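S.K.:
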Amino acid sequence: DGKRVAYTHRGTITIFNLEEWCPEGSFEGNNPKWSPADPDVVAYLKPNSSGTFIRRMDGTERQLGENAGKVSVFEWSFDGRFLALVIERDLAEKEAGNHEDADDIVIFRPSPPTYASGLVVLDVEMGEVTFQASSDAGETYERLAWHPSNNWLTVLSWKRRGLPEPGWHLFDMDLRDGKRRSRIGHGIHEIGTIKWSPNGKKLAMGYSPYSGEVRMLCAMMEADSTQVRILNDEYFIHAIYW
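Numbers in the working numbering are just positions in the sequence shown, counted from 1, shifted up by 411.
1. Using a 10 Å radius around the Cβ and a threshold of 16 neighbouring Cβ atoms, would you call R466 buried or exposed?
2. Identify, in the order they occur along the chain, each residue of the same chain with its Cβ nearer than 6 Å to the Cβ of S528, setting aside the five sequence neighbours on each side.
3. Within 10 angstroms of its Cβ, does D490 collect 16 or more other Cβ (buried), or is it exposed?
4. How many angstroms separate the CA atom of P434 from the CA atom of P443?
5. Out of D469, L574, A615, which one is the CA nearest neighbour of H558?
6. Let me know the secondary structure DSSP gives I651 once reduced to three states.
7. Apart from the five residues just before and just after Q543, which ones in its own chain have a Cβ nearer than 6 Å to its Cβ?
8. Output the boundary residues of the beta strand (DSSP E) element that contains S583.
9. Just to confirm before moving on: does the CB-CB distance between P577 and H597 stay below 8 Å?
10. Mind checking W579: buried by the 16 CB within 10 Å criterion, or exposed?
11. How far does the beta strand (DSSP E) with W487 in it reach, from first residue to last?
12. Does D501 pass the burial test, meaning 16 or more other C-beta atoms within 10 Å, or should it be called exposed?
13. Grab me the residues of Y526's own chain with a C-beta within less than 8 Å of its C-beta, minus the 5 sequence neighbours each way, in chain order.
14. For G436 and I426, which I take to be in contact (beta-carbon distance under 8 Å), what is that distance rounded to the nearest angstrom?
15. Kindly indicate which three-state DSSP category K505 falls into: helix, strand or coil?
16. Could you give the DSSP three-state label for H558: helix, strand or coil?
17. Rounded to the nearest angstrom, what separates P575 and K590 at their Cα positions?
18. Which residue marks the beginning of the beta strand (DSSP E) containing S437, and which one marks its end?
19. Alpha carbon to alpha carbon, what distance is there between V517 and A556?
20. Using DSSP with H/G/I as helix, E/B as strand and the rest coil, what is H597?
21. Do G538 and L456 have their CB atoms nearer than 8 Å?
22. What does a CB cutoff of less than 8 Å around Y418 pick up in its chain, not counting 5 residues either side in sequence?
23. Would you tell me roughly how many angstroms separate the C-alpha atoms of K481 and P458, rounded to the nearest one?
24. Around the C-beta of G508, are 16 or more other C-beta atoms found within 10 angstroms, so that it is buried, or is it exposed?
25. From the DSSP output, which residues share a beta bridge with N428?
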């Protein structure tokens, strides 16, 4: 509603009232994000990123995803009904395959990666998990963008070199059947922030279409095509808002 701003400074979130021009209060946390549906509700992470907290302006709060693990990314759905969380997951460690042959030559086979990302969607009102998915081993989910339909999330993932299909990958994760539909990648073309338009027809993003080019361009993708339209090539794109 434009009446307050929430900002973080050194692990403390302050709610500042723009009408009375004074702070309403502060509490420990990071990355505050207002609910799109309720101006009295803000979601945020504790400093240890353990779970996501929902806080009302009267000071009451509750935790979502208590046992989910360490949260690295979270996003509200357009209607404020759901929160999508990216959870950092440690996989079971596997022993490295060292082998010493008859000539005392040691062959070292590196262990497979022991980390992955989990995607969890929570119903904010009920506190229930409505969807879960996991990345491949060694793949991390870096950014999320809700589609206004609530039927899918667009996900930006990253795999390091040496793994199958390394690099950046932009894809849609269907929340009804868990299927993935690729938009860009896998490849070395760097991708940054991603945001769907409120009408669900265009996806804006920071994107570099050139191999080895680190400058982020502002680009647009049609919902029903893979065509990328470069809108600006002068700046690094850190954030996009519709």
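We put the beta carbon where it would ideally sit given N, CA and C, even for glycine. Predicted, not measured: the structure shown is a model, and the values here were computed from it.
M.R.: With the structure as the only source:
1. buried
2. V497, S546, T551, Y552
3. exposed
4. 15 Å
5. A615
6. coil
7. V531
8. The identity of residue 583 in the sequence shown is Asp, whereas the question assumes Ser. Looking at the DSSP string, the run of the beta strand (DSSP E) that includes D583 is 578–585.
9. yes
10. buried
11. 481–487
12. exposed
13. E499, R500, D501, L502, A548, G549, T551
14. 6 Å
15. With a pLDDT of 46 at K505, under the threshold of 50, the modelled position of that residue is not reliable, and no figure is offered here.
16. coil
17. 19 Å
18. 433–439
19. 47 Å
20. strand
21. no
22. I424, T425, F427, P443
23. 10 Å
24. Residue placement at G508 is poorly supported in this model, since its pLDDT is 47, which falls under 50; the coordinates are not used for a value here.
25. R415, C433
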